[in-house]
Amino acid sequence: MNPESKVSAEHLKRAAYLYIRQSTLRQVLENTESTQRQYALRRRALSLGWSEEQIIVIDNDLGQSAASKQEREGFQRLVAEVGLGKAGIVMGLEVSRLARNCADWHHLLEICALTHTLILDEDGLYDPGHFNDRLLLGLKGTMSEAELHVLKARLLGGVLSKAERGELKLPLPVGLAYEHDQKVMFDPDQQVQSTLRRFFDTFHRVGSAWATVQAFRKEGLKFPKRGQAGSGEIVWQELTEAMALDTLHNPRYAGTYCFGRSRHWKDAQGKRHSKDLPLEQWRYVLKGAHPGYLTWEQFLANDALLRKNHQVVAGQRSYGTAREGPALLQGLAVCGRCGRMMTVRYHYRQGRLRPEYLCQKDCVEAAQAPCQRIPGGELDEAVGKLLVETVTPLALEVALNVQAEIQTRLEQADLLRRQHVQRAQYEADQAKLRFMRVDPNNRLVADTLERDWNEKLRHLTQVKEEYEKQSQSAAAQLTGEQKAKVIALATDFPKLWNDPKTPDRERKRMAQLLLSDVTLRRDQEIIAQLCFRGGALRELRLAPPKTAWELKKTKPEIIAEIDRLSDQHTEGEIAAILNERGWRSSSGNLFNLRMVQTLRRAYHLQSRFARLQAQGLLTARQIGPMIGAVTGHVKYWRQTGPLKGVRFSEKNEYLYHKPTEAEVREIRCRREKHYPNAHLAPSLL
Ligand SMILES: [Zn+2]
């Protein structure tokens with residue numbers, strides 16, 4: 000079919016769209032030839048019958064590379080115009096590359112077919128409404144996508160095999176630099192090196208990225224950052240948490256070459272995403288590939304610490320501040336079994352609040368029994384005692400250590416700040432030199448250089464002022480305030496702690512100032528590990544908590560005393576004696592007859608009755624026949640004298656010593672005197 004025959008008057012009425020596309024800026028600059036070819040298409044359109052004014056050039060996409068139309072405005076405009084039926088023909092060089100993926104391309108073909116729009120490329124003229132042409136165009140699109148894929152795969156393959164050998168040159172973080180032969184070395188700038196060393200030391204000391212940032216800010220230290228990509232220029236900035244985290248997470252500082260630390264992909268909208276992968280999934284890791292600021296082990300330890308910090312912040316520790324209530328370890332107690340923070344629960348017992356530490360995350364979330372529960376009362380007391388005991392010597396020791404450490408740290412910080420001044424001085428000197436060397440008649444250059452020199456001088460003054468200010472504040476901190484604070488704490492602490500007027504909340508606050516956490520574990524006994532803020536560790540071991548039965552158990556010394564007193568006293572008397580001596584029952588009550596009785600029976604102590612019987616004392620029933628009287632009358636003879644008895648109960652019950660012969664005679668004699676015929680009817684008496 001003659002190509003010209005595809006063009007109808009209908010087509011010629013509409014405009015001709017010339018789509019020009021170059022992906023990268025370099026192509027735009029260098030590949031002028033293809034631009035020429037694209038403009039040659041314009042001549043084809045003219046020869047097919049379109050007029051010069053009808054040709055619309057779309058070249059918005061110049062300098063943009065994108066495999067999806069969402070990012071390419073020009074292509075979208077083209078699709079819109081075609082859809083509106085404004086286009087009679089669409090022209091492009093290698094027309095299938097109008098779109099970068101098949102979906103876009105088929106979409107365009109579909110619209111072209113619907114609106115009877117022709118397509119023209121260097122190979123020929125197509126009508127997408129015809130099956131043959133459409134098939135050809137579709138094939139062209141598939142081919143070009145395949146080509147793109149192969150190209151990409153080859154590129155990526157090359158990159159990967161280079162990366163596997165550690166030869167792929169990747170941008171280095173600040174503090175490391177490429178030598179001329181591509182070897183990685185420390186940044187030759189001493190200030191950069193020492194700042195990074197200090198950064199890692201500080202993190203090692205304070206244990207969190209945020210605290211490191213605070214320390215740097217407090218000491219007025221700046222952190223190096225690379226300026227614009229590729230310029231290699233170092234800019235000094237305030238350290239931020241993001242910078243600190245980047246630095247800590249970068250394995251290059253541990254001398255390790257890494258590739259594939261994150262995954263990148265595009266979503267349906269063509270938006271780019273990236274996700275950092277966990278360490279185990281990194282593609283290539285070459286340890287010891289170049290010098291580093293820390294060892295691989297240190298890097299792993301830092302990583303683990305950061306992850307732990309993150310967990311604590313994200314999942315727990317939402318209750319750091321001291322609240323009311325006597326639980327001393329609130330916000331400090333950590334479960335020794337699973338490592339979670341423990342919560343506090345209060346119980347009301349005998350009119351007092353008794354705290355209990357509870358690891359109950361599982362039991363809340365998964366409806367399981369709590370992991371651990373540890374009663375608080377005695378534990379809190381023991382911890383308090385330990386604090387009072389340890390704080391005095393500990394505080395002094397810590398104070399001395401801290402002072403020495405601060406001193407060295409201040410000196411280091413001072414050195415770094417001085418280097419900053421030196422650098423500014425050097426830059427000012429250089430600017431001055433440049434100004435001096437220039438021909439004064441060359442006003443334009445001289446002015447610029449003079450301005451530059453002034454700028455550098457201003458910067459120098461500013462840096463010097465900052466340096467002075469920081470040094471002064473650092474010196475003042477060390478001498479007066481800090482020492483006084485530490486010493487005051489050591490002397491005032493026990494007094495304050497033991498003062499009953501000190502509220503629980505304050506006591507808790509003090510504990511939190513001194514302790515970073517307390518790990519609790521309950522085995523045979525309760526083990527509490529106290530971790531002091533200074534890093535010192537102390538361990539407390541407590542007897543296991545008593546059961547309810549044990550709590551109510553009477554002290555053994557009371558039982559022994561009851562046993563001893565039973566030889567001489569009745570149970571009622573014993574209760575009175577115990578109360579008189581100030582002894583109380585386990586539940587804090589006064590003793591009474593019943594309690595003594597119950598205790599005696601519970602502990603199987605011999606009754607007073609049995610004790611007296613064992614001593615040879617006799618009952619009234621036994622005595623009666625001996626003195627020739629009925630049982631009921633024995634009492635009378637005790638009351639009136641001759642018989643000797645010992646009371647054994649509260650009911651005036653007596654046991655009797657065996658009467659001597661003299662006593663028996665006396666009784667007989669008295670009876671006959673008063674009642675001469677009594678022997679005939681002994682029951683009367
Ligand atoms: Zn637990």
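Those letters in the sequence shown? Residues 0 to 684, by numbering that gives the first Met the number 0. Backbone N, C-alpha and C fix where the C-beta goes; we use that ideal spot for every residue, glycine too.
Under the three-state DSSP convention, the category residue i falls into
i: Leu616; result: coil
i: Ile55; result: strand
i: Leu92; result: coil
i: Thr553; result: coil
i: Phe222; result: strand
i: Thr320; result: Bear in mind that a pLDDT of 47 at Thr320, under 50, signals an unreliable position, so the number given afterwards is only what the model happens to contain. Coil, per DSSP.
i: Ala214; result: helix
i: Ile526; result: strand
i: Gln371; result: strand
i: Lys265; result: strand
i: Pro493; result: helix
i: Gly314; result: Only weak support exists for where Gly314 lies, its pLDDT of 43 falling under 50; the value from the coordinates is given anyway. Helix at Gly314.
i: Arg339; result: coil
i: Ile573; result: helix
i: Ser470; result: helix
i: Trp582; result: coil
i: Gln236; result: strand
i: Thr501; result: coil
i: Asp562; result: helix
i: Gly73; result: helix
i: Ala326; result: coil
i: Arg670; result: helix
i: Phe202; result: helix
i: Tyr38; result: helix
i: Leu11; result: helix
i: Gly587; result: coil
Inter-residue Cα distance where the pair is residue i and residue j
i: Met594; j: Gln567; result: 18 Å
i: Thr659; j: Glu556; result: 40 Å
i: Phe130; j: Gly48; result: 25 Å
i: Ser565; j: Lys634; result: 23 Å
i: Arg540; j: Arg372; result: 16 Å
i: Cys668; j: Ala619; result: 20 Å
i: Arg306; j: His203; result: 15 Å
i: Arg36; j: Ile57; result: 15 Å
i: Arg664; j: Pro624; result: 14 Å
i: Leu386; j: Ala510; result: 8 Å
i: Ala152; j: Pro250; result: 27 Å
i: Asp503; j: Leu519; result: 21 Å
i: Glu9; j: Leu92; result: 24 Å
i: Gln359; j: Leu529; result: 21 Å
i: Arg422; j: Asp451; result: 16 Å
i: Glu505; j: Asp491; result: 14 Å
i: Ala176; j: Ala39; result: 49 Å
i: Ser7; j: Ser143; result: 30 Å
i: Lys182; j: Arg260; result: 21 Å
C-beta contact flag for residue i and residue j at 7 Å
i: Tyr125; j: Leu113; result: no
i: Met195; j: Gly174; result: The displayed chain sequence assigns Leu, not Met, to residue 195. Against a cut-off of 7 Å, the Cβ pair of Gly174 and Leu195 comes out as a contact.
i: Tyr356; j: Gly375; result: yes
i: Ala327; j: Val382; result: The residue asked about is misnamed: residue 327 is Leu in this sequence, not Ala. It is a contact, given that the beta carbons lie within the stated cut-off.
i: Ile110; j: Val81; result: yes
i: Leu159; j: Met90; result: no
i: Pro290; j: Gly254; result: yes
i: Ala524; j: Ala542; result: The question names Ala, but residue 524 is Glu in the sequence shown. Yes; because the gap between Cβ atoms is below 7 Å, this pair is in contact.
i: Gly644; j: Tyr655; result: yes
i: Pro439; j: Ala430; result: no
i: Leu238; j: Val205; result: no
i: Val333; j: Asp522; result: no
i: Ala412; j: Glu240; result: no
i: Arg262; j: Lys270; result: no
i: Ile666; j: Ile626; result: yes
i: Leu415; j: Leu220; result: yes
i: Arg13; j: Ala86; result: yes
i: Tyr292; j: Gly165; result: no
i: Gln192; j: Gln418; result: no
i: Phe258; j: Arg282; result: yes
i: Ala575; j: Leu592; result: no
Cutoff 7 Å: residue i Cβ touching any chain C Cβ
i: Lys468; result: Absent from the structure: chain C. Only one protein chain is present.
Restricting to runs no shorter than 4 residues, where is the alpha helix (DSSP H) found entirely within the stretch 115 to 200?
130 to 163
Pick out the complete alpha helix (DSSP H) segments inside the stretch 618 to 656, 4 residues or longer, and give them in chain order.
619 to 626 and 630 to 639
Within 6 Å of ligand 1: residues by beta-carbon to any heavy atom:
Cys334, Arg336, Cys337, Arg339, Cys358, Cys370 and Gln371
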